[in-house]
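Engineer: Residue numbers for the sequence shown, in mature numbering (1 follows the signal peptide of the UniProt record, and there is no 0): -28 to -1, 1 to 554.
Built from N, CA and C at the ideal position, the CB exists for glycine as well.
The structure displayed is predicted, hence computed values, not measured ones.
Have a look at this one before I ask anything.
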Amino acid sequence: MRSITRRYGALGVLLVAAMTSTASTTLAQEVAREDQLIFENISERVTTPENYNPFLPSTLQHAGLQQVGFESLFYYNYETGEMVPWLATGYAFNEAFDEVTINLQPEAKWSDGTPFTADDVVYTMNMLKEHAPALGGYSVNAKTWVEDIVAVDPHTVRLTLTSPNPRYMLDAFGVRIYGTTMILPKHIWETQDPQTFTNYDLAKGWPVSTSPYQLISSTTTETVWQRRDDWWGAASGFHALPEPVQVLFKTAGSEERRAAMAANNELDSVWVLGRDNFEQVVANNGDVFSWFPETPYAYLDPCPRYMAFNTTQAPFDDPQLRWAISQALNRDAIVDIAWENLTVPAKWMTPDYPPFASYMENATDLFSEYDTLAYDVDKSAATMEAAGYTKNGDFWQDKDGNPIAIDLVIRQGEADQTRMAPVVTTLLQRAGFDANFVLSDIAAFSDALNTGRADAWLDVSCGGISDPYGTLELYHSRHAAPMGEVATGARTRWSNDAYDAIVEEMAVTAADDPRMQELFHEALAIWLPEMPAIPLVQAALLTSFNGHYWDNFPTSENNYVHPGFWWATNLLIVAEVQKKQP
């Protein structure tokens, strides 16, 4: 056991805990099915069910931790474009956008009755700065942008930024993509080591949060969250108490099992289904529906899918090799086979949302020179030969005779990735690359990418949503840690000083400033020849809901929030669903 903790550090501590004890279920309560709101855990299982530290890179956030276990200061609503105040009541920047004042909910309380105050926000941000980058992307964000933070009074916080950043609140506290900077209870955490603290003790009421739900059971296959009728939001009149008495996150496993559970009303939300499976489920159970009532059914997720590399390790440190791999990939085949024609190829790493159209049009010259959608096996071979690679039988090798082996790491439970992996590896094999894929649970997947042990993988490009800064920033060298240390961002460890300078200027430039178009073009002119990652497809996710027990799920016609139930914004869904009336 000691060797595990020495080798893997904080992750090792959690793994030992998981191997030496069983997650408690003694606090679970019997609740009727019609009072339970059951979401699917999209990662199949919780590898470390006794870990509720929201900032460890190995933590599984979407088994309830970020959806009902914590509350965000704000929630950015994709459908309305509004920053919805939640634990905060509002914020204001100064004219220079290098200082921001945040006003907090004066009635908010932690689940143990302790008031939620500015001291908790100050503690959290300073703790993240101190432990960056070990505590992941939000710690890097805090260290990069927060010069100073002070409590003006118990319900007011003032942050001084290292430089102007008009996007700071959205990036740090608005759930721009998937998650948020979760504020921690100072009175619990200040005596703990945040790099090893698991934040889990059901008998003590841990994790302590401000949420309307309390964790009462945690296993590898199911987490159960019980409604707290003393929630501050209901007591203060901020929001009515949510109707679900319990919120569960359950493992389904395979797509076939997922479809069967949906058909039998065992799930109220369903992770990605293939088109044929979805249509069969709907035929068997008319209560199941997706975002659109007709094809393409799917919601366009802001995170295109791509193939990435550890660019510090041979042979993937060679841009020509990366380009040859891209040229060997038939994206139309990936769309047809893995996505059943519900999506389209991705030219780059941003979603096909309207704000990006002008940026892409202004970069037409670059995409003509560096055609990211090109599929040409002969051209791929020519690129390899020009870079000095030769064939040994069916497969490529380098000048020293080492085979070019591509072992793609795939996150188990990510249905679209597991569908794409066989198609991608088959295409690569046909082009002479010795390619295979390995399914890993989320803890192993994250650790392999974070430490640099993975050479290649499939991933999600979650960056900008209204301008490309957030996407370009993922490749800034602040994320490129040495091997063995935690990398963040896109985790490719790619770095380029000239590129960094452009991204840093973008950070202090307003989204509507014409200079943004020029900076995007300049950054792309560096990024494209290097190709640190390969865009594959847009992410049209055929997720669905089941209205058998609950009404008022979001749809294209009832679009009060986007349908990503694995995001932190899922709390807005939980707060609005209504029990189905007989």
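To the nearest angstrom, report how far apart Y342 and A318 are at their CA atoms.
Structural biologist: 14 Å
Engineer: Taking only runs of the alpha helix (DSSP H) that begin and end inside the region 267 to 323, which ones reach a length of at least 4 residues, in chain order?
Structural biologist: 291 to 299
Engineer: Return the CA-CA distance between N518 and F261, expressed in angstroms with no decimal places.
Structural biologist: 6 Å
Engineer: Measure from the alpha carbon of S239 to the alpha carbon of each residue in Y521, H534, N542, then state which is nearest.
Structural biologist: In the sequence as presented, Ser is not what sits at residue 239; that position holds Leu. The option with the nearest alpha carbon to L239 is Y521.
Engineer: In the structure shown, what three-state DSSP assignment does I474 receive?
Structural biologist: Note: I474 maps to helix in three-state DSSP.
Engineer: Please state whether DSSP places V410 in a helix, a strand or coil.
Structural biologist: strand
Engineer: Would V40 and T191 be called neighbours here (beta carbons separated by less than 9 Å)?
Structural biologist: The answer is no: Cβ separation not under 9 Å.
Engineer: According to DSSP, what are the bridge partners of residue 562?
Structural biologist: Because the chain is modelled from -28 through 554, residue 562 falls outside the range shown and cannot be assessed.
Engineer: If you check the beta carbons only, do D366 and G404 fall under 9 Å apart?
Structural biologist: yes
Engineer: With distance defined between alpha-carbon atoms, name the residue in R402, E266, R463 nearest to S528.
Structural biologist: E266
Engineer: Is it buried or exposed, S330, if we count other Cβ atoms within 10 angstroms and call 16 or more buried?
Structural biologist: exposed
Engineer: Does the distance from the C-beta atom of residue 556 to that of A512 stay below 9 Å?
Structural biologist: It is not possible to answer for residue 556, since the shown part of the chain is limited to -28 through 554.
Engineer: State the start and end residues of the unbroken beta strand (DSSP E) segment that holds V533.
Structural biologist: No beta strand (DSSP E) holds V533; DSSP gives it neither H nor E.
Engineer: Less than 9 Å between the beta carbons of W429 and I382, yes or no?
Structural biologist: yes
Engineer: Between which two residues does the beta strand (DSSP E) carrying K158 extend?
Structural biologist: No beta strand (DSSP E) holds K158; the alpha helix (DSSP H) holding it covers 158 to 161.
Engineer: Report the residue from Y471, D472, V475, H448 whose alpha carbon sits nearest the alpha carbon of G461.
Structural biologist: H448
Engineer: Select from R294, T153, S352 the residue whose C-alpha is nearest the C-alpha of K115.
Structural biologist: T153
Engineer: Between residue 561 and the rest of its own chain, which residues show a CB-CB distance below 7 Å, the 5 nearest in sequence each way excluded?
Structural biologist: Because the chain in this structure spans residues -28 to 554, residue 561 falls outside the shown range and cannot be described.
Engineer: Between the region 294 to 302 and the region 387 to 404, can you find at least three pairs of beta-carbon atoms closer than 8 Å?
Structural biologist: yes
Engineer: Throw me the rounded Cβ distance for the Q510 and D248 pair, which I believe falls under 8 Å.
Structural biologist: Contact flag wrong, Cβ pair sits at about 20 Å.
Engineer: With distances taken between CB atoms, is the gap from P105 to E457 smaller than 9 Å?
Structural biologist: It is a contact, given that the beta carbons lie within the stated cut-off.
Engineer: Give a yes or no on contact between the region 77 to 92 and the region 120 to 128, applying the rule of three or more CB pairs nearer than 8 Å.
Structural biologist: yes
Engineer: Taking DSSP's pairing of strands, which residues face N49 in a bridge?
Structural biologist: E54
Engineer: Nearest CA to the CA of S181: which residue from Y140, P26, W295, N282?
Structural biologist: P26
Engineer: Go to T128, then tell me how far its beta strand (DSSP E) extends in each direction, as first and last residue.
Structural biologist: Where T128 is concerned, the enclosing beta strand (DSSP E) stretches over 128 to 133.
Engineer: Going by Cα to Cα distance, which pick from E227, Y150, V242, W161 is closest to S220?
Structural biologist: The residue you asked about is not Ser; residue 220 is Leu in the sequence shown. L220 has its Cα closest to that of V242, out of E227, Y150, V242, W161.
Engineer: Residues in its own chain within less than 7 Å of S44 by CB, not counting five upstream and five downstream?
Structural biologist: W58, L59, F145, V147, T152, A540
Engineer: Which whole-angstrom value is the C-beta distance of F537 and F11, which I expect to be below 8 Å?
Structural biologist: That belief holds up - the Cβ atoms of F537 and F11 are roughly 5 Å apart, short of 8 Å.
Engineer: Just to confirm, are K222 and N13 a CB contact at a threshold of 9 Å?
Structural biologist: Between K222 and N13, the gap from beta carbon to beta carbon is short of 9 Å.
Engineer: Quickly, what does DSSP pair K101 with across the bridge? List them, please.
Structural biologist: According to DSSP, which records beta bridges pairwise, K101 is partnered with nothing at all.
Engineer: T195 bridges to which residues according to DSSP?
Structural biologist: S190, F221
Engineer: Should E2 go down as buried or exposed, given a rule of 16 or more other Cβ atoms within 10 Å for buried?
Structural biologist: It is exposed - the Cβ of E2 has fewer than 16 other Cβ atoms within 10 Å.
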